[in-house]
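Residue numbers (the numbering used here): 3 to 457.
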């Protein structure tokens, strides 16, 4: 059904229905895919195949957008396309849309998509691909063709995301990847800002007795571009020592707790442990000087939090008891600190030093400007024999963020029309359609609001 509605959209955008064979059928397939991903029906998981549920000819999908040649349709554009049967001629357009949305090697479980020129194309997501394609449709003129769609989608990408954006570069690369050549006068794409991140450890050294544990916080930050998933690993642990991350991967900007566990027969001495964070843009490392001490003679202690999690509303606070215990030998002084508090949240431990066996109070306060979300705070106890840590999971409850940049905040109950401007989640948003209750930035609102940047 949505494929057919795509034909209607094609007919009533720009100067009317695209002329060259394949463009109309490809448009229907694209809107079918957009609708399927928006619906996200668990009985028909979203993908990039056409007609798999209808099973029109009894052999499953009638078209495969990621590799049209699976059903004998062309993957690449050629001079034969204008004379090719219209459904088969949709192959290059379907292939182009998949490359823009998912890229050649998607990381979300979708299949790989080989290109006609052997290049690798990074996807920008189906929502952005749909925005760019609809923007190009509104530019249609008479005699519309694959070549004209190339220029129009590039202009749409520049209008929506800028000439130096990854979106512009991906659109251009995807057209070349399906053999639609560059056109005279088409927009140029600049160098897109590359995504990157940094990684550091706090503290960067510590000691652990045989049979004990010691922890450190692995913090990441976005240094350029947008956040990416960073997988964490540790090497150089030495005999009898293991290192575990909680969680094992983070989104750049987040943190993880690395816990070293020394067995009772772990080799004593100091070793340099290398912690590696691996993301799509590459890898970064940080080192930790880990000293393993013998259990006799020696003192050791433990540290725990009760409760270990809480939910607070912006403007409220919560507390947790930081308990220490002497687990071996004699009591020792333990210096307490807390890290990992996000913007708008303050966290303190009082008193800041106890003798093992004593306790302190962790107080966490969320300002009215604190962003909703779940955060991991790490309470660290540095003793004379080792350093111990425990994590506290803080959830800041949601609520409509206040306005910023002098622009009123978005309201879920207020009707908006094209041209309206609101602020939400620290960004400015421009209305591109009529809506009430369509949350800016939500997956279902990509055609309703345009992100105008932070405020």
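We put the beta carbon where it would ideally sit given N, CA and C, even for glycine.
By Cβ distance below 8 Å, which residues in the same chain neighbour residue 88 in space, the five residues on each side in sequence not counted? As a working note, residue 88 is residue 86 in the chain shown. Hits under 8 Å: 23, 24, 26 and 27.
From the DSSP output, which residues share a beta bridge with residue 335? Taking the first residue of the chain shown as 1, we reach residue 335 at position 333. Paired residues: 357.
Tell me whether the beta-carbon of residue 260 lies closer than 8 Å to the beta-carbon of residue 383. As a position in the chain shown, residue 260 is number 258, starting the count at 1. As a position in the chain shown, residue 383 is number 381, starting the count at 1. Their beta carbons are not under 8 Å apart, which means residue 260 does not touch residue 383 by this criterion.
Helix, strand or coil for residue 154 per DSSP? Mapped onto the chain shown, residue 154 falls at position 152. In the displayed model, residue 154 falls within a helix according to three-state DSSP.
When you compare each of 262, 334, 192 and 166 to residue 242 by their alpha carbons, which one comes out closest? Taking the chain shown and counting its residues from 1, the one referred to as residue 242 is at position 240. Among 262, 334, 192 and 166, the Cα nearest to that of residue 242 belongs to 262.
Going along the chain, which residues of its own chain have a beta-carbon closer than 7 Å to the beta-carbon of residue 19, five neighbours each way excluded? Locating residue 19 in the chain shown gives position 17, where the first residue counts as 1. Around residue 19: 12, 13 and 26.
Close beta carbons around residue 90, own chain, < 6 Å, minus the five adjacent residues each side: Along the chain shown, one-based indexing puts residue 90 at 88. Hits under 6 Å: 75.
My guess is that residue 80 and residue 181 are in contact by the Cβ rule of under 8 Å, so how many angstroms apart are they, rounded? Sequence index remark: in the chain shown, residue 80 carries index 78 (1-based). Sequence index remark: in the chain shown, residue 181 carries index 179 (1-based). That pair is a contact at about 7 Å.
Below 8 Å between beta carbons: does that hold for residue 1 and residue 230? A question about residue 1 goes unanswered here, because the residues of the chain that appear run from 3 up to 457.
Counted within 10 angstroms of its Cβ, other Cβ atoms place residue 362 as buried (16 or more) or exposed: As a position in the chain shown, residue 362 is number 360, starting the count at 1. When all chains shown are included, residue 362 counts as buried.
Looking at the secondary structure, which residues open and close the beta strand (DSSP E) in which residue 294 lies? Residue mapping note: residue 294 aligns to position 292 of the chain shown, counting from 1. 284–295 is the span of the beta strand (DSSP E), which, as asked, contains residue 294.
Considering Cα atoms alone, identify which of 172, 158 and 144 is closest to residue 127. Within the chain shown, the letter at position 125 stands for residue 127. Here the closest residue by C-alpha is 172.
Cα separation between residue 402 and residue 215? Reading the chain shown from its first residue, position 400 is the one you call residue 402. Reading the chain shown from its first residue, position 213 is the one you call residue 215. With a pLDDT of 46 at residue 402, under the threshold of 50, the predicted position of this residue should be treated as unreliable, though the coordinate-derived value follows. Between the alpha carbons of residue 402 and residue 215 lies a distance of about 42 Å.
Simplified DSSP state of residue 403, which is helix, strand or coil: Start at 1 with the first residue of the chain shown, and residue 403 comes out as number 401. Confidence is the limiting factor: at residue 403 the pLDDT is only 49, short of 50, which leaves the residue's position unreliable, though a coordinate-based value still follows. It is coil, neither helix nor strand.
Of all the alpha helix (DSSP H) runs that stay within the bounds of the stretch 83–170, which reach a length of 4 or more residues? 93–104, 128–139 and 148–163
For residue 201, the three-state DSSP class (helix, strand or coil): The residue you call residue 201 lines up with position 199 of the chain shown. In the structure shown, the three-state DSSP call for residue 201 is strand.
Comparing alpha-carbon positions, which option in 332, 15, 113 and 41 lies nearest residue 51? Taking the first residue of the chain shown as position 1, residue 51 is located at position 49. Nearest C-alpha to residue 51: 113.
Hey, how far is the Cα of residue 287 from the Cα of residue 93? On the chain shown, position 285 is the one that residue 287 refers to. On the chain shown, position 91 is the one that residue 93 refers to. So the two alpha carbons sit approximately 44 Å from each other.
When DSSP labels each residue in this structure, what does residue 40 get in the three-state scheme? Looking up residue 40 in the chain shown gives position 38. Residue 40 falls in the helix class under three-state DSSP.
Just verifying my parser: in three-state terms, what is the DSSP assignment at residue 373? As a first step, residue 373 is located in the chain shown; it is residue number 371 there, counting from the start. Residue state, collapsed to three classes: coil.
List the DSSP bridge partners of residue 267. Start at 1 with the first residue of the chain shown, and residue 267 comes out as number 265. Answer is none; residue 267 lacks a bridge partner.
Same chain, Cβ closer than 6 Å to residue 323, five either side skipped, listed in chain order: Translated into positions along the chain shown, residue 323 becomes position 321. 308 and 361, listed in sequence order.
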